[in-house]
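Asks:
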Amino acid sequence: MSDVLAVAEHRRGDLRPISHELLTVGRGVADASGGDLHVAVISGAVEEYAEELDREGVDVIHTIADGEEFNHDLTVESLDALWADLDATYLLAPNSVNGLDYVPAIAQRLDLPLVTDAIDVSLEDGLEVTRERYGSKVETTLAVDVESEGGAVLSIRDGEWPAAEGVGDAAIESFDPEIDESRIRSTVTGFQEVGAGDVDISEADFIVSIGRGIEEEENIELIEALVEATGATLSASRPVVDNEWLPKNRQVGQSGKTVTPDVYIAIGISGAVQHVAGMKGSDTIVAINTDPDAPIFDIADYGIVGDLFDVVPALIEEFGGEAP
Amino acid sequence: MQILVTVKEVGQLGDEVVIDDGDVAESALEYDLNEWDEYALESAVQLSESLDDVEVVTATIGPERSEETIRMALAKGADRAVRIWDDAIANDDGDGLLDTRTRVELLSAIVDREDPDLVLTGVQSADATFGSTGVALAEEIDDAWAAVVNDLEVDAEAGTASVHRELEGGIEELTDVQLPAVLTIQTGINEPRYASLRGIRQAQSKPLDVLDLAELGISPDAIAGSLETTAMYEPESSSDAELWEGDAEATAGQLAAFLRDSGVIEG
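In the order they appear, the protein sequences are chains U and R.
In short: position in the first sequence from 1, add 871, done, that's this note's numbering.
In short: position in the second sequence from 1, add 47, done, that's this note's numbering.
1) Is R/T53 close to chain U, meaning its C-beta is less than 8 Å from at least one C-beta of that chain?
2) Please tell me whether R/P282 has its Cβ less than 8 Å away from any Cβ of chain U.
3) Residue range of the alpha helix (DSSP H) that U/E892 falls in?
4) Compare the beta carbon distance of R/D5 and U/D1162 with 8 Å and say whether it is the shorter of the two.
5) Do U/V1015 and U/A984 count as a contact pair if the criterion is CB distance below 8 Å?
6) Please report the residue range of the alpha helix (DSSP H) in which U/F1180 lies.
7) Less than 8 Å separating the beta-carbons of U/T946 and U/Y973?
8) Give a yes or no on whether the C-beta atoms belonging to R/L226 and R/L199 are separated by under 8 Å.
9) How would you write the range of the alpha helix (DSSP H) that U/L1023 sits in, first residue to last?
10) How should R/N197 be labelled, buried or exposed, when 16 other C-beta atoms within 10 angstroms of its C-beta is the threshold for buried?
11) Put R/Q171 into one of helix, strand or coil per three-state DSSP.
12) Against chain U, does R/A299 count as a neighbour if the rule is that its beta carbon must be under 8 Å from one of theirs?
13) Give the DSSP-derived three-state secondary structure of R/L76 in the structure shown.
14) Using a C-beta cutoff of 8 Å, does R/G206 count as contacting chain U?
15) Looking at the secondary structure, which residues open and close the alpha helix (DSSP H) in which R/R248 lies?
16) Is U/P1048 near the ligand ATP, going by C-beta to nearest heavy atom under 7 Å?
17) Looking at the strands, I want to know which residues DSSP matches up with U/F1062.
18) Closer than 7 Å, Cβ to any Cβ of chain R: which residues of the segment 1049-1075 of chain U, in chain order?
19) Would you tell me roughly how many angstroms separate the C-alpha atoms of U/G899 and U/D874, rounded to the nearest one?
20) Judging by CA-CA distance, which residue of U/E1018, U/E922, U/A916, U/V917 is the nearest neighbour of U/A959?
21) So R/P282 and U/E1188 are in contact, right, with Cβ under 8 Å, and what is the actual spacing, rounded?
22) Do R/A175 and U/R1004 count as a contact pair if the criterion is CB distance below 8 Å?
23) At 8 Å on the CB atoms, spell out the chain R contacts of U/V1134, in chain order.
24) List the DSSP bridge partners of R/R130.
25) So what does DSSP say about R/M119, is it helix, strand or coil?
26) Runs of 4 residues minimum, wholly inside the segment 928-978 of chain U: which ones carry the alpha helix (DSSP H) assignment?
27) So, are the CB atoms of U/A911 and U/A952 less than 8 Å apart?
As structure tokens, this is what we get:
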């Protein structure tokens, strides 16, 4: 019998959707190993979160009421204490930005093997975890030696599992670990929204978006000519914004904005999972890319396999504009 | 003040993926400095330019091949470099270093020797993309930490770093961290410089120490780890996109017709 401990995530008063996806993974692992599914929720309105987490298949929810917002020191100390109390085998956590801030530390503290960013988990033949390497160009399966290690820590990519549903009858137990104040060496002092700037791309109906394929800052004006001729709103994937060729309020993706236009034209964007997270809700997606295997074609409705520096000028001409 | 920057040489895949014998063929890889580490290095060099008396040391786990990448880091402003390699690592099937604890064991031995005030790592490596080394290292060496940092100010006198952490959805978390600390640096935090010719020349004479496991006091048994790669493959393409065919004029024409039909464009 091997129990599972899944760690919920919340921010500024709301549970994040990955929390309910984690319950699905956790229930699956618990079923395969004949154990119970425990859930930990740390800081903030834990009673309220616990009610929302009480879905079908959850056995026990541990609420740890210290603190308001996520703090990695408090999280690691709390999980360390809870883990010692529970005798569980699998620790499941989100592969979110906050997950990146505490999951490696708790794995190291517990001296357990860690696999991050899992997209599939199997216990058919021991623990096997599927994840990507080299961007998303290669998939790989890792076998984890759980037996000799006594456990494993997994972080889970969001959007890969359905959310757990239904109403459960979990026991909700308050856990009050004694935490040495000197262990808290980081302080969250506030939050800041990335400036709204001149335009809110999340409101746009028609978006032309550019990525690494644009190659150089000088080539932005080619896309601006297309935007001018078509009346589209201009956005970009991360590399373009990292290079400061376009301001941050134009970034589509996990760390940028989420957009849901009628038409989204992705030009020179490979379609990394972080970008797709921000635009998959578009009604129609058109991709222009030289690489026919680029993952952007997996979610596109229409595609052109070709060089943007040929296609875009032709498109500008179609609408009576002039390429620079 | 000493800043230690982890510098990884990563293999990057081009458009063609070749998998041989359960691993990506070396011929399909181009080796380069990990993109995230490039930003971490730039942060360190900028701190050394704005604060008094800062030494920037790079730490790499990698074979002799990676010295080209390390020299580039030295050319961009690091003062000296440490590289860890050993026959035990070379003879491992590559899975040993996938276990975060193995990387942490090696890098914490460097930290013990150097005793840095600040360790900067990239958020993740472009090849294995675990995103775990920096934070696990912080736990091991009992430093404070912050992950996914996209803004950094260091107050050396007060012994604190004030950072922004880039959360999802265009939100940044503002956090103060006590030094010594490990920070994992996100792309876009700065504009990494190119190496100057003068820098490249100077890099040739900067110290680059190579250490093996015995010199670090680490047993070869510590390399194995508990993860084993059991399969590696190209994910199946699940594209059901309708492709518009023809030359640029023809495909642009079809796209234009679609846009007019969809109603997002007038005219």
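Note that the Cβ used here is the ideal one computed from N, Cα and C, for glycine as well.
Replies: On the basis of the coordinates in this document:
1) The beta carbon of R/T53 does not come within 8 Å of any beta carbon belonging to chain U, so the residue lies off that interface.
2) Closer than 8 Å to some Cβ of chain U, the Cβ of R/P282 qualifies, so yes.
3) Membership of U/E892 in the alpha helix (DSSP H) is indicated by the continuous run 889-904.
4) As displayed, chain R neither begins before 48 nor continues past 314, which places residue 5 of chain R out of reach and without an answer.
5) For clarity, residue 984 of chain U is Pro in the given sequence; the question names Ala instead. Cβ distance < 8 Å, so U/P984 and U/V1015 count as in contact.
6) The continuous alpha helix (DSSP H) containing U/F1180 extends over residues 1179-1189.
7) Taking a C-beta distance under 8 Å as the contact criterion, U/T946 and U/Y973 qualify as a contact pair.
8) Cβ atoms of R/L226 and R/L199: not closer than 8 Å.
9) Residue identity check: residue 1023 of chain U is Ala in the sequence provided, not Leu. Unbroken run through U/A1023 is the beta strand (DSSP E), 1023-1027; no alpha helix (DSSP H).
10) Buried: at least 16 other Cβ atoms inside 10 Å.
11) The DSSP-derived three-state label of R/Q171 is coil.
12) It does; some Cβ of chain U falls within 8 Å.
13) The answer is strand: DSSP assigns R/L76 an E or B state.
14) It does not: the Cβ of R/G206 has no partner Cβ on chain U nearer than 8 Å.
15) Membership of R/R248 in the alpha helix (DSSP H) is indicated by the continuous run 244-250.
16) Among the ligands in the structure shown, none appear at all, so the ligand ATP cannot be discussed.
17) BP columns for U/F1062 point to R/E220.
18) Per Cβ criterion, the list reads R1056, S1057, T1058, V1059, T1060, G1061, F1062, Q1063, E1064, V1065.
19) Rounded to whole angstroms, the separation of the alpha carbons of U/D874 and U/G899 is 11 Å.
20) If we check each option's Cα against that of U/A959, U/E1018 comes out closest.
21) Incorrect: roughly 37 Å between the Cβ atoms, too far for contact.
22) Against a cut-off of 8 Å, the Cβ pair of R/A175 and U/R1004 comes out as a contact.
23) Neighbours of U/V1134 across chain R, judged by C-beta separation under 8 Å: L306, S309, V311.
24) According to DSSP, R/R130 bridges with R/T107, R/V257.
25) Helix.
26) Fully enclosed alpha helix (DSSP H) runs of 4 or longer: 943-957.
27) Cβ atoms of U/A911 and U/A952: not closer than 8 Å.
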